[in-house]
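Structure, rendered in structure tokens:
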């Protein structure tokens, strides 16, 4: 008599092939999704930076010594994409990676006159994205670099601002000279900054100034 069907060895071979293809498909999907998120983050940051540059110098806090949150004002003016807002608070917004940001203005009573009425966007990167922190950090700095023409300057802190000594400052084209120009940041320099973030601090803070 003749038997029909597949042998157990053949079935196991088919299942093994399906498994390999499935793993490859999942890995490809994850990579494509992460790339999409990087592009989306860059788009979100560009929107925020342009809004901050547009309103730089237009806020006035005559009786304030230091920081005045204006994130809620930007939300009310529909300058913030709705996917970045949080219904629980108007002081903070979040990018697609859930990194927290706020927009603030320095008051007129601040001791350094050069900062008075200056607006800044402060962003803290989370150190919890499954090994993708370096890529997210690089993406954030590159977004700042691509919008460097509207920046006063970019500060980065590895750890707590004004406490950790790993501070760097790069300036926009109207305020820089030589090696401190944000436009001259090389891939290697950006990579070094971001790899230091993952090794030396739980958070990496960006502060982008506009005036």
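In my numbering, the protein residues as written are 86 to 296. Ideal placement from N, C-alpha and C gives every residue a C-beta, glycine not left out. Note that the structure is predicted; figures quoted are calculated from it, not measured.
Inter-residue CB distance, residue i and residue j (contact presumed, cutoff 8 Å)
| i | j | result |
| --- | --- | --- |
| residue 65 | residue 149 | What is shown of the chain runs 86 to 296, which leaves residue 65 out entirely. |
| residue 203 | residue 296 | 4 Å |
| residue 225 | residue 130 | 7 Å |
| residue 241 | residue 291 | 6 Å |
Burial state of residue i (16 or more Cβ within 10 Å)
| i | result |
| --- | --- |
| residue 121 | exposed |
| residue 143 | exposed |
| residue 207 | buried |
| residue 305 | The question about residue 305 has no answer here: the residues shown for the chain are numbered 86 through 296. |
| residue 234 | exposed |
| residue 232 | buried |
| residue 198 | exposed |
| residue 205 | buried |
| residue 182 | buried |
| residue 272 | exposed |
Whole-angstrom distance between residue j and residue i, CA atom to CA atom
| i | j | result |
| --- | --- | --- |
| residue 258 | residue 275 | 18 Å |
| residue 151 | residue 138 | 19 Å |
| residue 156 | residue 211 | 20 Å |
| residue 255 | residue 174 | 31 Å |
| residue 230 | residue 154 | 24 Å |
| residue 187 | residue 100 | 51 Å |
| residue 281 | residue 172 | 34 Å |
| residue 164 | residue 103 | 47 Å |
| residue 118 | residue 288 | 24 Å |
| residue 176 | residue 221 | 23 Å |
| residue 140 | residue 294 | 12 Å |
| residue 168 | residue 264 | 37 Å |
| residue 217 | residue 147 | 43 Å |
| residue 166 | residue 236 | 21 Å |
| residue 266 | residue 116 | 32 Å |
| residue 246 | residue 192 | At residue 246 the pLDDT is 48, less than 50, meaning the model places this residue with poor confidence; the figure from the coordinates comes in the next sentence. If I take the Cα positions, the gap works out to 19 Å. |
| residue 125 | residue 132 | 11 Å |
beta-carbon residue i near the ligand FMN non-hydrogen atom, thresh 7 Å
| i | result |
| --- | --- |
| residue 202 | For the ligand FMN, the structure offers nothing, since it holds no ligand at all. |
Neighbourhood of residue i by C-beta distance below 7 Å, restricted to the same chain and skipping five residues each side
| i | result |
| --- | --- |
| residue 170 | 160, 178 |
| residue 184 | 208, 209, 210, 211 |
| residue 238 | 254, 255, 256, 257, 260, 294 |
Cut-off 8 Å between Cβ atoms - residues of its own chain near residue i, not counting five sequence neighbours on either side
| i | result |
| --- | --- |
| residue 127 | 224, 227, 228, 231 |
| residue 145 | 193, 202 |
| residue 270 | 226, 230, 255 |
Close Cβ partners of residue i (< 6 Å) along its chain, the five nearest in sequence each way excluded
| i | result |
| --- | --- |
| residue 123 | 224 |
| residue 134 | 232 |
| residue 180 | 126, 129 |
### Message
Quick check for students: name the residue ranges of the alpha helix (DSSP H) that lie wholly in the stretch 96 to 181, counting only runs of 4 or more.
### Response
You should have 156 to 161.
### Task
Note down, one range per segment and in chain order, each alpha helix (DSSP H) of at least 4 residues found wholly within the stretch 209 to 243.
Fully enclosed alpha helix (DSSP H) runs of 4 or longer: 218 to 231.
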